[in-house]
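Numbered per numbering that gives the first Met the number 0, the sequence shown spans residues 0 to 402.
Note sheet for the following structure.
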Amino acid sequence: MFKKITRRNFIWFSLGFVAAVGTTKVTLNYHSKQKILALDNPTKDFTVIGTSSLKERAAAKGLMYGTAIRNHHLWEDSKLAETLVKECQILVPEWALKWYIPNPALRPEPNIFDFSEVDKILAFAQNKGLQLRGHTLVWHESLPPWFQDTVNSNNAQQILEQHINTVVGRYAGKMHSWDVVNEAINEGYLLVREQKNNIPNNLKNNLRKTPWLELLGDNYIDKAFRLTHQADPTATLVYNDYGLDYDTDADEAKRNAVLNLLENLKSKGTPIHALGIQAHLDASETNFNPDKLRSFLRDVASLGLKIMITELDVTDEKLPSDIEMRDRIIAKTYEDYLSTVLSEPAVTTVITWGISDKYSWLSDFKPRPDKAAVRPLPFDANMNRKLGWNAIARAFDNARLRS
Ligand code: XIL
């Protein structure tokens with residue numbers, strides 16, 4: 000009944016199938032490459048007027064610019080330290096105030112707090128007239144090895160109180176702000192999947208299933224903010240998250256979920272003062288819609304919250320290898336994004352997650368397939384300004400003056 004599929008036919012069919020798949024992949028690859036090349040404008044002007052630093056340009060508009068820093072880089076690299084003091088008004092320890100990154104770790108043992116590195120970076124900041132902000136008190140990452148075996152639903156509240164009272168209390172009155180809770184909302188793609196599966200879009204379902212949620216319940220975020228405010232009433236308290244930047248289903252879902260969280264916290268009288276937008280950008284991302292992002296920022300500001308851009312960098316992971324092209328596309332990404340967010344008066348601060356390509360976390364987190372050194376930040380590995388620096392400078396120069 001069925002014509003016997005001869006071996007020859009099967010081989011021809013298989014070859015045809017492989018060829019079709021191959022052609023499709025090549026075509027898709029070609030189109031994605033064309034889309035990325037279209038991002039490049041070799042004639043775009045990145046001219047900057049004058050010789051002012053980023054710190055000075057930001058300050059002229061009532062803004063602050065700064066960077067994350069790993070302590071040991073600061074002690075080891077005098078050129079980095081010099082650049083950072085010249086260009087920055089605020090610092091955030093990339094590692095030192097997390098529960099556990101052995102550098103040495105803040106929390107090596109359940110009843111040991113090692114403040115040696117934090118005290119050093121605070122002294123450096125104060126000595127140079129810089130502000131310091133804390134990152135981060137409650138996060139599901141960088142938890143100590145002893146956490147899982149030590150913390151349980153009976154002692155979690157006490158351990159959280161001990162951490163916040165001890166750490167925030169020690170630096171009360173000396174910290175610009177704290178990322179009290181970091182990344183408490185689910186990944187955007189999970190939120191989209193929940194919606195497709197008709198799972199109710201509410202805070203309970205939107206919260207990331209972190210150890211803190213499991214141990215303390217939905218109200219852990221409010222608790223953490225109240226404890227922090229009690230320990231240091233002078234600090235600006237921030238909820239910090241990522242994946243809020245682009246016109247994609249995932250980022251749209253995340254923006255809505257974060258806004259819902261902020262509305263919930265404000266309705267409870269939680270002492271929250273700002274949203275931290277990490278802004279880990281992708282130079283190859285073409286779905287950027289300034290109007291949608293501005294609308295989100297307006298909604299956040301309408302809650303009476305300030306907005307801080309807390310971890311800005313631009314991965315060039317998917318860009319072609321040509322360095323001049325990469326720098327141009329990265330610079331345009333910086334300028335397009337910052338000119339959009341700085342049009343919202345509630346945006347007060349811009350912090351890059353590192354200042355030099357030499358020390359970017361993206362070298363490990365998003366290495367390039369061609370193994371070339373990544374170029375995500377305003378300064379190159381030799382501490383020379385790049386077009387990204389020009390782009391940030393231009394965005395500050397063109398920003399409206401904050402009242
Ligand atoms: C990263 C650091 O840059 C890395 O060096 C470390 O290994 C892991 O954490 N969002 C955050 C930051 O809030 O704390 C993360 O920092 C980057 C993503």
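Every residue, glycine too, gets a C-beta built ideally from N, C-alpha and C.
Predicted model only: the values in this text are computed from it and were never measured.
Out of Ile306, Asn196, Arg56, the CA that lies nearest to the CA of Tyr238 is found in Ile306.
In this structure the segment 380-397 does not lie against the segment 111-122, because fewer than three pairs of beta carbons, one per stretch, are closer than 8 Å. For the options Asp363, Thr285, Thr46, Thr351, the alpha carbon positioned closest to that of Glu86 is the one of Thr351.
Taking 8 Å as the upper bound for CB-CB distance, Tyr245 and Glu284 are in contact here, some 6 Å apart. Counting only runs of 3 or more residues that sit fully inside the segment 232-281, the beta strand (DSSP E) segments are 235-240, 273-276, 279-281, in chain order. When secondary structure is reduced to three states using DSSP, Val117 falls in the helix class.
The DSSP assignment places complete beta strand (DSSP E) segments of no fewer than 3 residues inside the segment 137-225 at 176-181, in order along the chain.
With contacts defined by Cβ atoms closer than 9 Å, Asn185 and Asn205 form a contacting pair. Contact between the segment 51-66 and the segment 360-369 is absent: fewer than three C-beta pairs spanning the two stretches fall below 8 Å.
Judged by DSSP in its simplified three-state form, Gln125 adopts helix. Relative to the non-hydrogen atoms of the ligand XIL, the Cβ of Ile100 comes within a distance shorter than 8 Å of at least one. With a threshold of 16 other beta carbon atoms within 10 Å, Ala371 falls short and is exposed. Counting every other CB atom within 10 Å of its CB across the protein chains shown gives Arg56 a total of 16 or more, marking it as buried.
A heavy atom of the ligand XIL is found nearer than 8 Å to the CB of Lys97. Cβ-Cβ separation between Thr227 and Ile158: approximately 15 Å, too far for a contact (criterion under 8 Å). Per DSSP, the continuous beta strand (DSSP E) segment holding Ala67 begins and ends at 63-68. Taking 9 Å as the cut-off, the Cβ atoms of Ala234 and Ala171 count as close. Under the DSSP definition of a beta bridge, Phe378 partners with Ser355, Arg384. By the neighbour-count definition (other C-beta atoms within 10 Å, threshold 16), Ala398 is a buried residue. Taking each of Val167, Pro377, Pro375, Pro319 in turn and checking the Cα distance to Lys34, the smallest one comes out for Pro319. When C-beta atoms of the segment 209-217 are compared with those of the segment 146-157, three or more pairs fall below 8 Å, so the two segments count as touching.
Excluding its 5 nearest sequence neighbours in each direction, Thr209 has C-beta neighbours in its own chain below 6 Å: His139, listed in chain order. Of the candidates Ala256, Leu302, Leu280, the residue whose Cα lies closest to the Cα of Gly268 is Leu302. When only Cα atoms are considered, Lys78 and Lys195 end up about 51 Å apart. Rounded to the nearest whole angstrom, the C-alpha separation of Asn389 and Lys331 is 10 Å. Taking C-alpha positions only, Lys253 is separated from Arg7 by approximately 52 Å.
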